[in-house]
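47 is the number of the first residue of the sequence shown in my numbering; add one for each residue after it. Ideal placement from N, C-alpha and C gives every residue a C-beta, glycine not left out. One structure below.
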Amino acid sequence: MFQHLDRLNPDAILGLMAQFRADPSPQKVDLGVGVFRDLSGNTPVLECVRRAEQSVLKAQSTKSYVAAAGRAEFNEAVEALVLGASHGARGARRVRTAQTPGGCGALRVGAELIRAAAPKTTVHASDPTWGNHVPLLGSSGLRLERYPYYKSGEVRFEDMLERLNRAAPGDVVLVHACCHNPTGADLSMSQWKGLTELLLQRQLTPFLDLAYQGFGSNLDEDVAGIRLVADSVPEALVAVSYSKNLGLYRERVGALITVSDTESRADAAQSHVLQIARSIYSMPPDHGAAIAACIFADQALRQSWIEELAGMRKRIVDMRSLLASELRARTADGTFDFLARQRGMFSLLGVSGAAVEALRTRHHIYMLGDSRMNLAGITPGNVAYVAEAIAAER
Ligand code: LMR
């Protein structure tokens with residue numbers, strides 16, 4: 047039967063990872079896949095993770111199954127981290143959480159939940175958005191549309207609202223909670239308020255993707271927008287990832303939070319979530335979630351996490367302003383000043399596909415075809431080289 051299959055091109059991000067690995071040049075610079083890198087270009091295991099992992103291993107007496115929803119203590123801590131300790135004005139009764147294999151697992155299960163509830167729903171995603179959103183949500187069979195989001199360094203908020211105003215009641219709007227991937231341009235608090243009003247007026251359901259909590263300002267401020275939305279609307283979904291902010295990429299740690307109108311609807315939604323999980327992967331992996339739960343529960347480990355997170359954030363902010371100023375010095379204009387204003391690991395450099403290719407083939411600098419660059423790949427050691435190459439090829 048496999049004779050019927052044509053060979054597919056690799057995924058854009060994973061394909062670029064492989065190309066970078068295969069490049070023997072000592073000058074090569076990886077600005078591709080979205081992983082945090084330290085000053086030496088490594089993606090470290092956080093100290094809080096090392097310590098928590100030791101205590102998890104010490105305490106563990108079995109590898110027997112946990113549950114389709116994963117660890118209860120992990121799920122409770124996630125709800126508090128994301129929605130706040132009190133879960134907003136309407137209380138925790140309408141909130142349910144299931145641990146998932148990474149944020150991707152949460153997005154896919156969430157899409158299947160939407161399809162089970164209302165198969166004709168259209169999901170509106172930002173243009174541009176993270177490359178994997180379309181396959182993750184689209185392969186559930188839901189219809190996808192795009193709303194305008196970004197131009198020349200800024201959010202096109204009026205255009206976004208204008209488009210969403212024409213969405214059908216009941217449609218779903220996928221929104222990046224913070225550190226928008228790939229643009230680094232986030233909604234301001236007043237824009238979150240405007241979006242919340244529109245969601246209520248048009249009866250649209252938000253699906254909030256939270257992959258970078260703590261990479262923008264801090265753990266609380268980065269979720270202020272989604273807390274506002276979740277407290278205001280009758281129903282919402284939140285996909286959460288701990289790949290980046292705990293550096294647990296390969297352990298696949300995530301969660302799907304559903305917010306429902308009533309307690310009985312919350313239970314019904316959760317019963318579907320668990321059945322969907324069972325039919326795709328049965329149960330989420332436990333190891334990473336056990337580490338995360340240990341960090342969330344232990345005051346010293348949690349403090350160490352908050353400090354390490356601040357260190358990662360500062361490194362990205364520093365590299366953003368360093369690259370912007372190196373570019374300003376070489377281009378004698380402010381074309382790339384927006385890099386210093388944006389947040390999180392990504393920005394769209396805004397150069398042509400030909401320039402992206404020239405950067406890769408002539409200078410061994412790897413970024414995605416749409417010129418998305420991971421600023422965490424910049425170091426004081428390579429910033430001059432990168433700025434020189436961008437100035438030459440733009
Ligand atoms: C990225 O955007 O590069 C990361 O989220 C990694 C991935 O899975 O695409």
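Here ARG189 is exposed: its Cβ has fewer than 16 other Cβ atoms, across all protein chains shown, within 10 Å. Residues with their Cβ less than 6 Å from any non-hydrogen atom of the ligand LMR, running along the chain, are ILE59, VAL79, GLY80, TRP176, ASN178, ASN227. In the DSSP assignment, LEU373 falls within the alpha helix (DSSP H) that extends over 345-377. Between ALA282 and THR251, the C-beta gap is smaller than 8 Å, which places the two residues in contact. Membership of ILE303 in the beta strand (DSSP E) is indicated by the continuous run 299-305. Judged by DSSP in its simplified three-state form, MET419 adopts strand. Excluding its 5 nearest sequence neighbours in each direction, PRO194 has C-beta neighbours in its own chain below 7 Å: ASP173, ARG202, ASP205, MET206, ARG209, listed in chain order. With contacts defined as CB atoms closer than 8 Å, ALA435 and MET365 fail to qualify as a contacting pair. In this structure ALA433 is in contact with GLU372, their Cβ atoms being roughly 4 Å apart against a cut-off of 8 Å. Of the residues SER317, GLU403, GLN65, the one whose Cα lies closest to the Cα of ALA113 is SER317. Counting C-beta pairs closer than 8 Å gives three or more between the segment 248-268 and the segment 218-226, which meets the contact rule. Secondary structure note for VAL124: its alpha helix (DSSP H) is the uninterrupted segment 118-129.
THR242: member of the alpha helix (DSSP H) spanning 235-248, first to last residue. ILE341 places its beta carbon less than 8 Å from that of CYS94. With respect to GLY149, SER287 sits close: the two C-beta atoms are nearer than 8 Å. Look at the beta carbons and you see the segment 333-347 not touching the segment 163-178: under three pairs across the two are nearer than 8 Å. With at least 16 other beta carbons inside 10 angstroms of its own, ASN428 counts as buried. ALA335 places its beta carbon less than 8 Å from that of PHE120. Under the three-state reduction of DSSP, GLU267 is assigned to helix. Three or more beta-carbon pairs separated by less than 8 Å link the segment 374-392 to the segment 260-275, which places the two stretches in contact. Looking at the DSSP output, ASP76 sits in a beta bridge with TYR412. In this structure, the beta-carbon distance from PRO426 to LEU368 falls below 8 Å. The residues SER186, ILE322, in chain order, have a CB closer than 7 Å to that of GLU158 in the same chain once the five nearest residues on each side in sequence are set aside. If you draw a straight line from the Cα of ARG53 to the Cα of PRO181, it is about 17 Å long. If you check the CB distance, VAL319 and THR304 come in under 8 Å. The three-state secondary structure of HIS170, taken from DSSP, is strand. Each residue's CA atom was taken as its position, placing VAL79 and LEU127 some 26 Å apart.
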